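What follows is a short report on a single structure.
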Amino acid sequence: MSRAQFLSVLSFLLIISGLAVGDARILVMGLPVALFLLAGAWHAPHGVRLVADRQLSAERIFSGDPVTVRIRIRNEGCDIKELSLEDVLPDRLELVEGSNRRITQLKRGETFEWSYTLTGKRGYFMLHAVKAVAREPLGLSVSPIILPTDGQLFIVPPVLRLKRISIRPRRTRIYSGTIPARQGGSGVEFFDVREYQTGDSPRAINWRLSARHPQAVYSNQYDQERVADVGIILDGRRRTTEFGAVSIFEHSVMATAALVDAFISAGNRVGLLFYGKQIHWTMPGYGKIQGEKILHSLSKLEPGESQVFNELFIPPRLFPSKSQLVLVSPLTPDDFPALSGLRSKGYSLLVVSPDPVSFEASSLPSSEAVSLAQRIIRLKYTLFLRRLKGIGIQVVRWDVSQPFESVARREMERSPVMLRGVSNQV
Amino acid sequence: MIRSIAIVLSVLASGCVGSACLAGGQPWLAIIAFAIAIIWVFGHLKRWGWVHSPAVLCIFILLSLGLFLKLSTGLLFTSGFLALIGWDLSDFSSRLELSKGEEHAQNLIKDHFLHLGINVIAGVGLVLLALNLHLRLTLGALIGLSILSVWGLGRLVFRLLKKE
């Protein structure tokens, strides 16, 4: 009940009870209450016109970084004796310094400005309203207004810098990069020898082989290094990412951001497919702008219920067969047909699996039953990963209690030929 | 500071009603007033914004009962005014917490006290005038005046609530 409503009820009660019992003094007691109401109506602000303007120190920040919000309110209407202001913030943003609420006086033509600092977790936030309440000095007449403002804030996941991710898709693009193209030419890694041809560098001559076969001169060929198409698939299905009140999804997002950065830095053509509540594509592209596009997409993604993974479809126009796919998913055994289907279409597949077993176990109380259940599920999970390894999928199991950089350094910087499937932890 | 004033006024308002009841030989009403005072002060300390209005309502109910029982008019009216001021200041102090000690706060406090003071003085004057002015009115005129006051008050309330 507002203040004016309360005083109205009180004054009516006094009048009615005074009339009912026929006591003039009770009626008289209603007079000061009615006077309060009269004063409220008398000084009520009329023609309130406010204009709000919002400035953010940055529209894109990393998760946990602070951003300063500066709000300016200009009064283009009548004098306001008491003005309460509140910058409406989404739930997932937190105040670091200052306050998003203020109370002030604002005369016609005056401007009031204040700033505060906030931070938040990954997400895309629209900041488009300042709630203003104009009151007269006794606070009885209230005029609430919503002031529209511009403002959006991308809080992108932290990007871990990975030195190199060793992938070896069977199909590469024509531009030079860091991925062995299985074609002889100039490069670093030895590929083949061939008979010397005019134009070959004398430094490329394989003197040892030429000495063994004096009828010809042979020159070394090196594996050409090219860029590749890399499609990253982020699994946001609730049934694989959420375990009661805890979710592993943020870890998956962080790993995806690190992988995107590493592949983009190596000059590859990278696209992102999010598989959660709905399928969301970030079209493949090159360069820093593409990296930024993918980070923006990552900031908006939320896990959700979805149909089974079997319906996963990779448009060949975007990622032709034999290109590289990277799946970031805690995985379930039901995913095997979909993954083997991708493999049979010729895609090179790298699976980064944030370990759901140890993650869920860390949130459960330790008991014998939990320990036994964990062992059983761990066995099933390990067997599933070995099945994936058996069909030629490179699998990286990531225990999320370990830093992703160290796991990536250990498991992904080496050549996939050396890895041949699941890591030695499995 | 303002919160402290509001607490003192709350205690005084309950105290005045309680004293009037005790002086008039109504110890049970005095105990109720004492209980209201405790709850109201506790509400202030716990910053329960919802407690102020019910407390004022209870004080006014006690006050009306006291007037009906012909207890001390002066104490009861004083209690009513103190309760109203205490109620107003407790809400104002919670609103003022948003100002974060800025210079605007001083102007806000000054303006608020000015308007509150004018209202209280006008209210006291009106009450004194009403209590001392004895007009002889016919029943028809009385009914007419009552209807007019209710209509006027209704319009006032409608105007105030329309903006919310």
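Here the protein sequences come in this chain order: A and B. Sequential numbering of the first sequence, starting at 1, is according to the working numbering. Sequential numbering of the second sequence, starting at 1001, is according to the working numbering. From the three backbone atoms N, C-alpha and C, an ideal C-beta is built for every residue, glycine too. Nothing here was measured: the structure is a model prediction, and the numbers come from that model.
- By a beta-carbon distance limit of 8 Å, valine 193 of chain A does not contact tyrosine 175 of chain A. Their separation comes to about 26 Å.
- In this structure, valine 253 of chain A lies away from serine 363 of chain A, with their beta-carbon atoms at least 8 Å apart.
- Here arginine 101 of chain A has Glu86 as same chain residues with Cβ atoms under 6 Å from its own Cβ, once five neighbours each way along the sequence are excluded.
- In the three-state reduction of the DSSP assignment, glutamine 278 of chain A falls in the coil class.
- Annotation for glutamine 105 of chain A: no alpha helix (DSSP H) segment contains it, though the beta strand (DSSP E) segment containing it runs 101-106.
- Closer than 8 Å to the CB of glycine 139 of chain A there is at least one CB belonging to chain B.
- When C-beta atoms of the segment 1076-1093 of chain B are compared with those of the segment 1052-1062 of chain B, three or more pairs fall below 8 Å, so the two segments count as touching.
- Of the residues assessed, glycine 1144 of chain B falls on the exposed side of the cut-off, its CB having fewer than 16 other CB atoms within 10 angstroms.
- As the crow flies, the alpha-carbon of arginine 1003 of chain B is around 11 Å from that of aspartate 1088 of chain B.
- When C-alpha distances from alanine 4 of chain A are compared across A/Arg237, A/Arg414, A/Arg135, the shortest belongs to A/Arg135.
- For threonine 1073 of chain B, the C-beta contacts it makes with chain A under 7 Å involve Arg25, in order along the chain.
- Contact annotation: glycine 151 of chain A and histidine 128 of chain A have beta-carbon atoms nearer than 8 Å.
- Runs of the beta strand (DSSP E) spanning 3 or more residues and lying entirely within the segment 212-281 of chain A occur at 218-226, 229-235, 269-275, in chain order.
- Under the DSSP assignment, glutamate 405 of chain A falls in the alpha helix (DSSP H) whose first and last residues are 404-412.
- Here isoleucine 393 of chain A is actually not in contact with leucine 331 of chain A; their C-beta atoms are around 11 Å apart, not less than 8 Å.
- DSSP links glutamate 136 of chain A through a beta bridge to no other residue.
- Taking the Cα positions, tryptophan 1040 of chain B is about 11 Å away from serine 1090 of chain B.
- Taking 8 Å as the CB threshold, leucine 89 of chain A stays off the interface with chain B.
- The three-state secondary structure of proline 284 of chain A, taken from DSSP, is strand.
- Bridge pairing for glutamine 152 of chain A: A/Met126 [DSSP].
- According to the DSSP assignment, aspartate 1091 of chain B belongs to the alpha helix (DSSP H) that extends over 1073-1096.
- Using a C-beta cut-off of 8 Å, the segment 1031-1038 of chain B makes no contact with the segment 396-414 of chain A, since fewer than three inter-stretch Cβ pairs fall below that distance.
- According to DSSP, arginine 72 of chain A shares a beta bridge with A/Asp53, A/Glu113.
- For leucine 372 of chain A, the uninterrupted alpha helix (DSSP H) segment begins and ends at 368-390.
- Listed along chain A are Glu82, Ser84, Ile103, Arg135, Gly139, each with a C-beta nearer than 9 Å to that of arginine 1095 of chain B.
- The beta-carbon separation of valine 51 of chain A and alanine 1130 of chain B, rounded to 46 Å, does not stay under the 8 Å limit for a contact.
- Of all residues in the segment 1027-1048 of chain B, none places a beta-carbon less than 9 Å from a beta-carbon of chain A.
- Following the DSSP letters along the chain, one finds alanine 181 of chain A inside the beta strand (DSSP E) bounded by residues 176-195.
- If you compare the alpha carbons of A/Phe249, A/Ser63, A/Ser371, A/Thr117 with that of glycine 304 of chain A, the shortest gap goes to A/Phe249.
- According to the DSSP assignment, glutamine 324 of chain A belongs to the beta strand (DSSP E) that extends over 324-328.
- For asparagine 1119 of chain B, the neighbours in chain A by C-beta distance under 8 Å run, in chain order, Pro32, Leu35, Phe36, Ala39, Leu138.
- Among the CB atoms of chain B, none fall inside 8 Å of the CB of methionine 412 of chain A.
- For the 8 Å CB-CB criterion, phenylalanine 274 of chain A and leucine 327 of chain A do not form a contact.
- Put simply, the CB of valine 227 of chain A is far from chain B, with every gap to its CB atoms at 8 Å or more.
- The continuous alpha helix (DSSP H) containing leucine 1065 of chain B extends over residues 1052-1068.
- The beta-carbon of serine 1019 of chain B is placed no less than 8 Å from the nearest beta-carbon of chain A.
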